[in-house]
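**Q** So in UniProt numbering, spot 209 of the sequence shown is number 209, and the numbers just go up one at a time.
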Amino acid sequence: MSSRVNLLAPEVRANPYPVFAELRRNAPVSQVDPGGLWAVTRYADAAAVLKNPQLFASEGFRQAYRPAWFSDYPMADSMLVMDPPHHTRLRALVNRAFGPPVLTRLEPRIRQFVEQLAAGLPTGRSVDFAEEWSVRIPLIVMADLLGLSPEVHPRLKRWADTFGSFTGIGPNDTERQEHMRATVAEARQHFQQVLEERRREPRDDLMSDLLRARVDGEALTDAELMGFMFLLVVAGMETTVHLMNHSAIRFRDEPELMGRLRADHSLIPRFVEEILRYEPPVHGIFRVTTQETELGGVRLPKGARMLVVLCSANRDEAQFPGADRFNLDRPGPQNLPFGHGIHFCLGAQLARLEARLGTEALVTRFSRLSPGEGPVRWNTSLVVRGPLSLPLVAHPA
Ligand code: HEM
Numbered sequence: 001m002s003s004r005v006n007l008l009a010p011e012v013r014a015n016p017y018p019v020f021a022e023l024r025r026n027a028p029v030s031q032v033d034p035g036g037l038w039a040v041t042r043y044a045d046a047a048a049v050l051k052n053p054q055l056f057a058s059e060g061f062r063q064a065y066r067p068a069w070f071s072d073y074p075m076a077d078s079m080l081v082m083d084p085p086h087h088t089r090l091r092a093l094v095n096r097a098f099g100p101p102v103l104t105r106l107e108p109r110i111r112q113f114v115e116q117l118a119a120g121l122p123t124g125r126s127v128d129f130a131e132e133w134s135v136r137i138p139l140i141v142m143a144d145l146l147g148l149s150p151e152v153h154p155r156l157k158r159w160a161d162t163f164g165s166f167t168g169i170g171p172n173d174t175e176r177q178e179h180m181r182a183t184v185a186e187a188r189q190h191f192q193q194v195l196e197e198r199r200r201e202p203r204d205d206l207m208s209d210l211l212r213a214r215v216d217g218e219a220l221t222d223a224e225l226m227g228f229m230f231l232l233v234v235a236g237m238e239t240t241v242h243l244m245n246h247s248a249i250r251f252r253d254e255p256e257l258m259g260r261l262r263a264d265h266s267l268i269p270r271f272v273e274e275i276l277r278y279e280p281p282v283h284g285i286f287r288v289t290t291q292e293t294e295l296g297g298v299r300l301p302k303g304a305r306m307l308v309v310l311c312s313a314n315r316d317e318a319q320f321p322g323a324d325r326f327n328l329d330r331p332g333p334q335n336l337p338f339g340h341g342i343h344f345c346l347g348a349q350l351a352r353l354e355a356r357l358g359t360e361a362l363v364t365r366f367s368r369l370s371p372g373e374g375p376v377r378w379n380t381s382l383v384v385r386g387p388l389s390l391p392l393v394a395h396p397a
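(1) For asparagine 6, which beta-bridge partners are listed by DSSP?
(2) How should threonine 162 be labelled, buried or exposed, when 16 other C-beta atoms within 10 angstroms of its C-beta is the threshold for buried?
(3) For methionine 79, which option in Leu93, Val241, Pro171 has the closest C-alpha, if you only look at C-alpha atoms?
(4) Helix, strand or coil, according to DSSP, for methionine 1 in the structure here?
(5) Between glutamate 107 and the ligand HEM, is there a pair consisting of the residue's CB and a ligand heavy atom that are separated by less than 8 angstroms?
(6) Runs of 4 residues minimum, wholly inside the stretch 249 to 274: which ones carry the alpha helix (DSSP H) assignment?
(7) So, is asparagine 15 buried or exposed, given that buried needs 16 or more other C-beta atoms within 10 angstroms?
(8) For alanine 313, which residues of its own chain have a beta-carbon under 6 angstroms away from its beta-carbon, when the five flanking residues on both sides are left out?
(9) Quick one: is the Cβ of alanine 46 within less than 8 angstroms of any heavy atom of the ligand HEM?
(10) At the level of alpha carbons, what is the spacing between valine 376 and proline 387?
(11) Please work out which residues of its chain come closer than 6 angstroms, Cβ to Cβ, to proline 202, disregarding the five sequence neighbours upstream and downstream, and give them in chain order.
(12) Check whether the Cβ of residue 414 sits closer than 8 angstroms to any heavy atom of the ligand HEM, and report yes or no.
(13) Taking 8 angstroms as the line, does the beta carbon of arginine 91 fall inside it for any heavy atom of the ligand HEM?
(14) Return yes when the Cβ of proline 138 is within less than 9 angstroms of the Cβ of glycine 236, no when it is not.
(15) Where in the stretch 35 to 71 do unbroken runs of the beta strand (DSSP E), each at least 3 residues long, occur, reported from the N-terminal end onward?
(16) Just checking isoleucine 137 against the ligand HEM - is the residue's beta carbon closer than 8 angstroms to any of the ligand's heavy atoms?
(17) Leaving out five residues on either side along the sequence, give the residues of the same chain with a beta carbon under 6 angstroms from the beta carbon of leucine 37.
(18) Can you find a heavy atom of the ligand HEM that lies under 8 angstroms from the Cβ of cysteine 311?
(19) Three-state secondary structure (DSSP) at valine 376?
(20) Are the beta-carbon atoms of aspartate 324 and arginine 315 separated by less than 9 angstroms?
(21) If you draw a straight line from the C-alpha of asparagine 245 to the C-alpha of glutamate 294, how long is it?
(22) What is the DSSP secondary structure of alanine 318, counted as helix, strand or coil?
(23) When you measure from the CB of glutamate 354 to every non-hydrogen atom of the ligand HEM, does any distance come out below 8 angstroms?
(24) Sort Ser30, Pro122, Glu22 by Cα distance to valine 298 and report the nearest one.
(25) Taking the CB atoms as reference points, tell me whether tyrosine 278 and phenylalanine 166 lie closer together than 9 angstroms.
(26) What residues in its chain sit with their C-beta under 7 angstroms from that of arginine 262, if we drop five residues either side in the sequence?
(27) Suppose only complete runs of 3+ residues qualify. What are the beta strand (DSSP E) ranges in the stretch 159 to 190, listed by chain order?
(28) I'd like to know whether the C-beta atoms of valine 282 and threonine 239 end up nearer to each other than 9 angstroms.
(29) When DSSP labels each residue in this structure, what does histidine 283 get in the three-state scheme?
(30) Below 8 angstroms, how does it come out for the stretch 142 to 149 and the stretch 184 to 194: are there three or more Cβ pairs, yes or no?
(31) Please classify serine 58 as buried or exposed, where buried requires at least 16 neighbouring CB atoms within 10 angstroms.
(32) Give the single residue among Arg356, Val233, Phe113 whose Cα lies nearest to the Cα of proline 269.
(33) So for aspartate 209, helix, strand or coil by DSSP?
(34) Please report the straight-line C-alpha distance between leucine 392 and glycine 124, rounded to a whole angstrom.
(35) If the criterion is Cβ atoms closer than 9 angstroms, does the pair histidine 242 and valine 384 meet it?
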């Protein structure tokens, strides 16, 4: 491959897998556009990077959340852009509050919600599944976790969309900068209110647990709490939305799948796991080298900005024979959709739960999903890949 691949070119967005297959074969650690990031495309190299935070650090990307036009964006205080020992302390504090009881509390609510939502989906005509199905489930879950009252729910989607575009805003893009600052201020005010209410009157919920959490007698600071709430909006919404979208696309493209899952619900967790391997919502994650090093036979300078391409690692033939085939019978998981190592996704079990319950509700109601009116439009991001709109027709079971 002579020239650099542009990962945001529309044809690459529509189907990036042949491009990554070529990189894995011929240039597994190589610079890509935009920005000359070093793309790591083989499974073994991706895992090696994620296992070694001393050499491939996250903190280097903190600056991306501290541009000259916004000095106190809360994501810059989140653990996603921290290394040990700061990350270790924060993660321990948050882990306490984010354990299995959260899932146990949420499961019946999610189940009831997805059954109602599926029952309300129109049949026999084109519907934008991204809008009417996929976004609704994480929206209700994240609003619950963040303690937002129902009248604030519609704003959460707008917040998630706006914060998700943060790193794409240029230094001269004053209009979008202003919009970002206003949206952050609006969300911050709501989150502040929730925290004050829970301080006064703790409840049986995540925010109260976070306020109570202590490690060695130390609590989360106000800035850390705020950073975590913003991180939840960014990390928990769009990712899960696209897990739902990719599941629906698979049902569209393999019409017999819904019947197979309806006949045997015990296959659904395997379906979710294979979707996560085959179409991981998080396509790439960032790291920066802390010293000169070598990876996959390539010398990297200190300060090299790396893109660990999870979607490519998950299609690596060396790890997954027949990797380009969606295979429900694949022994699993051993995949990397939620990252690996110290930053392993905190919401992985919750995302799996949402997908499992959502899939159960879909296959119970519908026999198949066929293409609807209009094209599928893909988003533009180096981190998350998914459709902006997904026209489908649902057929009753
Ligand atoms: C299908 C859905 C999801 C996918 C594919 C996903 C993927 C990921 C990945 C790849 C990372 C690692 C980032 C890195 O190493 O730099 C991560 C981290 C994280 N995720 Fe998720 N995620 C999903 C859903 C969620 C949900 C539902 C939540 C919360 C409710 C969540 C919360 C987090 C948090 C807090 C981190 C940061 C952990 C740390 O820095 O230690 N994620 N996620």
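Every residue, glycine too, gets a C-beta built ideally from N, C-alpha and C.
**A** Looking at the atomic coordinates:
(1) As a working note, residue 6 is residue 6 in the sequence shown. Answer by DSSP bridge pairing, in chain order: Asp33.
(2) As a working mapping, residue 162 is identified with position 162 in the sequence shown. Answer is buried; the Cβ neighbour count reaches 16.
(3) Here residue 79 corresponds to residue number 79 of the sequence shown, with the count starting at 1. When the alpha-carbon of methionine 79 is set against those of Leu93, Val241, Pro171, the nearest one is in Leu93.
(4) As a working note, residue 1 is residue 1 in the sequence shown. With a pLDDT of 49 at methionine 1, under the threshold of 50, the predicted position of this residue should be treated as unreliable, though the coordinate-derived value follows. In the displayed model, methionine 1 falls within coil according to three-state DSSP, outside both helix and strand.
(5) Residue numbering aside, residue 107 sits at position 107 when the sequence shown is read from its first letter. No, the Cβ of glutamate 107 stays beyond 8 angstroms of every heavy atom of the ligand HEM.
(6) You should have 257 to 263.
(7) Start at 1 with the first residue of the sequence shown, and residue 15 comes out as number 15. Asparagine 15 is exposed by the Cβ-count criterion.
(8) Residue 313 sits at position 313 when you count from the first residue of the sequence shown. Closer than 6 angstroms at Cβ, skipping near neighbours: Tyr43, Ala46, Leu336.
(9) Within the sequence shown, numbered from 1, the residue matching residue 46 stands at position 46. Alanine 46 Cβ: outside cutoff for every heavy atom of the ligand HEM.
(10) Taking the sequence shown and counting its residues from 1, the one referred to as residue 376 is at position 376. Taking the sequence shown and counting its residues from 1, the one referred to as residue 387 is at position 387. Straight-line Cα distance between these residues: approximately 6 angstroms.
(11) Here the question's residue 202 lines up with position 202 in the sequence shown. Same-chain partners within the cutoff: Ser208.
(12) Look at the range of the chain in this structure, 1 to 397, and you will see that residue 414 is not part of it.
(13) Indexing the sequence shown from 1 puts residue 91 at position 91. Answer for arginine 91: yes, Cβ within range of the ligand HEM.
(14) For the purposes of this step, residue 236 is taken as the residue at position 236 of the sequence shown. For the purposes of this step, residue 138 is taken as the residue at position 138 of the sequence shown. Contact flag set, yes.
(15) Runs found: 37 to 40.
(16) Translated into positions along the sequence shown, residue 137 becomes position 137. No, the Cβ of isoleucine 137 stays beyond 8 angstroms of every heavy atom of the ligand HEM.
(17) Here residue 37 corresponds to residue number 37 of the sequence shown, with the count starting at 1. Cβ neighbours of leucine 37 beyond the five flanking positions: Arg305, Leu307.
(18) The sequence position of residue 311 within the sequence shown is 311, counting from 1. Checking every heavy atom of the ligand HEM against the Cβ of cysteine 311, none is found closer than 8 angstroms.
(19) Counted from its first residue, the sequence shown places residue 376 at position 376. DSSP places valine 376 in coil when its eight states are reduced to three.
(20) Within the sequence shown, numbered from 1, the residue matching residue 324 stands at position 324. Within the sequence shown, numbered from 1, the residue matching residue 315 stands at position 315. The answer is yes: Cβ separation under 9 angstroms.
(21) Working through the sequence shown from its first residue, we reach residue 245 at position 245. Working through the sequence shown from its first residue, we reach residue 294 at position 294. The straight-line gap from Cα to Cα measures roughly 37 angstroms.
(22) Counting from one through the sequence shown, the residue named residue 318 turns up at place 318. Here alanine 318 sits in coil by DSSP.
(23) Counted from its first residue, the sequence shown places residue 354 at position 354. True, at least one ligand heavy atom lies under 8 angstroms from that Cβ.
(24) Position 298 of the sequence shown holds residue 298. The candidate whose alpha carbon is nearest that of valine 298 is Ser30.
(25) For the purposes of this step, residue 278 is identified with residue 278 of the sequence shown, where counting begins at 1. For the purposes of this step, residue 166 is identified with residue 166 of the sequence shown, where counting begins at 1. In this structure, phenylalanine 166 does not lie closer than 9 angstroms to tyrosine 278 by Cβ.
(26) On the sequence shown, position 262 is the one that residue 262 refers to. Within the same chain, arginine 262 has close Cβ partners Val363, Thr364, Ala397.
(27) Contiguous beta strand (DSSP E) elements confined to the stretch 159 to 190 do not occur, taking only those with 3 or more residues.
(28) Along the sequence shown, read from residue 1 onward, the residue named residue 282 stands at position 282. Along the sequence shown, read from residue 1 onward, the residue named residue 239 stands at position 239. It is a contact, given that the beta carbons lie within the stated cut-off.
(29) For the purposes of this step, residue 283 is taken as the residue at position 283 of the sequence shown. The answer is coil: DSSP assigns histidine 283 none of H, G, I, E or B.
(30) yes
(31) Numbered from 1 along the sequence shown, position 58 holds the residue referred to as residue 58. Burial call: buried.
(32) For the purposes of this step, residue 269 is identified with residue 269 of the sequence shown, where counting begins at 1. Proline 269 has its Cα closest to that of Arg356, out of Arg356, Val233, Phe113.
(33) By 1-based counting over the sequence shown, the position of residue 209 is 209. Looking at aspartate 209 - three-state DSSP - the assignment turns out to be helix.
(34) Taking the sequence shown and counting its residues from 1, the one referred to as residue 392 is at position 392. Taking the sequence shown and counting its residues from 1, the one referred to as residue 124 is at position 124. Rounded to the nearest angstrom, the two C-alpha atoms are 9 angstroms apart.
(35) The count along the sequence shown starts at 1 and reaches residue 242 at position 242. The count along the sequence shown starts at 1 and reaches residue 384 at position 384. Yes, they are a contact pair.
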